[in-house]
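For the sequence shown, the UniProt record's numbering assigns the number 1 to the initial residue and increments by one for each residue that follows. Take a look at the structure below.
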Amino acid sequence: MAQFSGAVKLADLNDFIAPSQACVVNINASGKAQVQLDFSDFDIRPEVGAVQPQQRPAVGFQQTAPTGPNGAIKVTLQDCLACSGCVTSAETILLEHQSAEEFVSKLAQPDTTVLVSVSPQSRAALAAYYGLSSAETMSRLSGFFKGLGVKAVLDTNTGRDIALLEAAAEFLERYKAAHPGPEQHENGIADMEVEERRMSGHKAGTTGRADGSTGQNGHASGHALAAGRQQQQGRSTLPMLASACPGWVCYAEKSHGDTVLPFISTTRSPQAVMGQLLKGHLAHQWGVNPASIYHCAVMPCYDKKLEASREDFNLPGTKIPEVDSVLTSGEVQQLLQSHGRPLPAIAQAPLDTLVPGVQDDPRLYGIPGGSGGYLQYIFRTAARELYGIDVPWSEPLPLRVLRNADFREVTLEHDGRAVLRFALAYGFRNIQTIVRKMKRKSCEYDYVEVMACPSGCLNGGGQLKAGQGQSQQQLLDQLDAIYHDPEVQLRLPEQNPTVAALYSAMAGAGVGSEGAKRLFHTGYHKREKTLTQAAGDW
Numbered sequence: 001m002a003q004f005s006g007a008v009k010l011a012d013l014n015d016f017i018a019p020s021q022a023c024v025v026n027i028n029a030s031g032k033a034q035v036q037l038d039f040s041d042f043d044i045r046p047e048v049g050a051v052q053p054q055q056r057p058a059v060g061f062q063q064t065a066p067t068g069p070n071g072a073i074k075v076t077l078q079d080c081l082a083c084s085g086c087v088t089s090a091e092t093i094l095l096e097h098q099s100a101e102e103f104v105s106k107l108a109q110p111d112t113t114v115l116v117s118v119s120p121q122s123r124a125a126l127a128a129y130y131g132l133s134s135a136e137t138m139s140r141l142s143g144f145f146k147g148l149g150v151k152a153v154l155d156t157n158t159g160r161d162i163a164l165l166e167a168a169a170e171f172l173e174r175y176k177a178a179h180p181g182p183e184q185h186e187n188g189i190a191d192m193e194v195e196e197r198r199m200s201g202h203k204a205g206t207t208g209r210a211d212g213s214t215g216q217n218g219h220a221s222g223h224a225l226a227a228g229r230q231q232q233q234g235r236s237t238l239p240m241l242a243s244a245c246p247g248w249v250c251y252a253e254k255s256h257g258d259t260v261l262p263f264i265s266t267t268r269s270p271q272a273v274m275g276q277l278l279k280g281h282l283a284h285q286w287g288v289n290p291a292s293i294y295h296c297a298v299m300p301c302y303d304k305k306l307e308a309s310r311e312d313f314n315l316p317g318t319k320i321p322e323v324d325s326v327l328t329s330g331e332v333q334q335l336l337q338s339h340g341r342p343l344p345a346i347a348q349a350p351l352d353t354l355v356p357g358v359q360d361d362p363r364l365y366g367i368p369g370g371s372g373g374y375l376q377y378i379f380r381t382a383a384r385e386l387y388g389i390d391v392p393w394s395e396p397l398p399l400r401v402l403r404n405a406d407f408r409e410v411t412l413e414h415d416g417r418a419v420l421r422f423a424l425a426y427g428f429r430n431i432q433t434i435v436r437k438m439k440r441k442s443c444e445y446d447y448v449e450v451m452a453c454p455s456g457c458l459n460g461g462g463q464l465k466a467g468q469g470q471s472q473q474q475l476l477d478q479l480d481a482i483y484h485d486p487e488v489q490l491r492l493p494e495q496n497p498t499v500a501a502l503y504s505a506m507a508g509a510g511v512g513s514e515g516a517k518r519l520f521h522t523g524y525h526k527r528e529k530t531l532t533q534a535a536g537d538w
């Protein structure tokens, strides 16, 4: 039986939780076992407040046996994710696999095809570190990885575009269920058809009916099970909460269960969408066994390693993960350093494409929003599709700061009424505010972009640290400027020719279709606690 520090009551503490040195998993019948963790390369932030160790019952996961009675053990990421013994968004968590060493070892295996996908947040971090532009950073990263033996290097922008399209379609579906308008009943217009018209450039003028209640009656009265796989007919699931952050999803599964999970968007994250595209589509296109492909994603966050380990993101009916490993921005920089190759000295190489023959160009594309642009895109889409109001991309959304810079909101008014109310909630302090509102059934928002890290994904735990003489805020300002560099051109997801080709080839239909939901959506799992564990939290 092992000891583990008492679960943290997040509302009372700082946003960051330091990882524990001990684990709750059952090792043997006697004594304690310590998990072997190496924090030498990481900036561990201390806990704020006193946390008392609690005796925890064994949970009986399978793990590597200790080398001796007092030896260290290793716990798999799957075990860590499934365990309800703690809640963590810490940057370092029981990493047995998904390391740079494993990545390099896979490159040496002749029967393994290694693919790399790179997130825009990691691109910005490495561009800032090496003093390069976004485009040059990507092309030199491509050259570096291909020089190591990687077969293809891809931008995750296509995965993000699909995630945005599916999340917007899901929100429209949920909103219409909560606010049924007469035009929708008379015409019987399905959300899938609305999205297909949008993909073809048609501008819909559908007007739904909002009650303007700001959450006292209209929004809160219909809370129930979630859309997609977790939907029940005729019951509202607003507010819809963003699903791209694995730290937030893991916390919701372990701590809030049925109170929160039905409201989390079922749309996969861009990382998980890319996994489906590479192992499901590209492998078939190349005529290779998906099991022989090793997909490594470069991400700004250690929690993305946990996301990759979820069984939900295995190829259907198999144990083949769609994302085999995740390297953080910092780990890629260390990999470059270990090879004695600063990024500016590496020859450039073009990025690869998912669909040969589709007209594409080497320019980088994206939309505003350092955490993926979910609020930005879904708000504008909903305004247009539901109320016929075009909110131009040429002007920033008028986000109003509430309690702090990481908690902001924007409202759409129509005929003198507030008909849409969206919010950003970054960091666990603000997440707790949203959760408390939901528990009281007083949440006034229709959509919340939720991220575990303060300042969002650009400030992920796997990003490179501020340099000497540079504050963290100065670094964040620099990353934001690079992320929104003018050379990264605005292109809406529905304008991406690769996306349209992938929907046709993989789903056989458009955005929000049953085929798309099967490929690009997921589900969540309440992680039960025993009575002893629950009592220990308080």
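Here a beta-carbon is modelled for each residue, glycine too, at the ideal position from N, C-alpha and C.
By the Cβ criterion, the stretch 444–452 is in contact with the stretch 370–388, since at least three pairs of Cβ atoms, one from each stretch, lie closer than 8 Å. Contact check for Ala383 against Leu412 passes: the beta carbons are separated by less than 8 Å. The alpha-carbon separation between Pro300 and Glu514 amounts to approximately 31 Å. In this structure, Thr381 sits near Ala168, with a CB-CB distance shorter than 8 Å. Distance check between Glu385 and each of Ser442, Glu173, Ser265 places Glu173 closest, using alpha-carbon atoms only. Sixteen is the threshold: when 16 or more other Cβ atoms of the shown chains lie within 10 Å of the Cβ of Lys279, as they do, the residue is buried. In this structure Leu126 is in contact with Val332, their Cβ atoms being roughly 7 Å apart against a cut-off of 8 Å. Secondary-structure assignment with DSSP links Thr113 through a beta bridge to Ile293.
Cα atoms of Ser504 and Gly357: separation of roughly 14 Å, rounded to the nearest angstrom. For Glu173, the uninterrupted alpha helix (DSSP H) run begins and ends at 157–178, by DSSP. Closest option to Pro486, judged by alpha-carbon separation, among Pro398, Arg363, Ala418: Arg363.
DSSP, read as helix, strand or coil, puts Thr318 in coil. Leu154 is positioned such that its CB atom lies closer than 8 Å to that of Asp352. Under the DSSP definition of a beta bridge, Val410 partners with Phe422. In the DSSP annotation of this structure, Leu148 is not part of any beta strand (DSSP E); the continuous alpha helix (DSSP H) holding it starts and ends at 134–148.
With contacts defined as CB atoms closer than 8 Å, Phe520 and Thr267 qualify as a contacting pair.
Scanning the UniProt domain "Iron hydrogenase small subunit" (469–528) for uninterrupted alpha helix (DSSP H) segments of 4 residues or longer gives 472–483, 497–502, 514–520, listed from N- to C-terminal end. Distance from the CA atom of Ser394 to the CA atom of Val288, rounded to whole angstroms, is 44 Å.
Scanning Phe428, Ile264, Ala283, Ser269 for the CA closest to the CA of Lys526 turns up Ile264. Burial of Thr158 is indicated by the presence of at least 16 other C-beta atoms within 10 angstroms of its C-beta. With a beta-carbon spacing of about 20 Å, Pro246 and Lys319 fall beyond the 8 Å limit used to define contacts. Closest in alpha carbon position to Gly456, among Cys443, Asp477, Lys437, Val104, is Asp477.
Leu375 carries a helical assignment under DSSP once its states are collapsed to helix, strand and coil. Rounded to whole angstroms, Leu475 and Ala466 show a C-alpha spacing of 6 Å.
Under DSSP, Ser325 forms a beta bridge with Cys296. Residue Ala425 holds the alpha-carbon nearest to the alpha-carbon of Met240 among Ala425, Ala124, His414.
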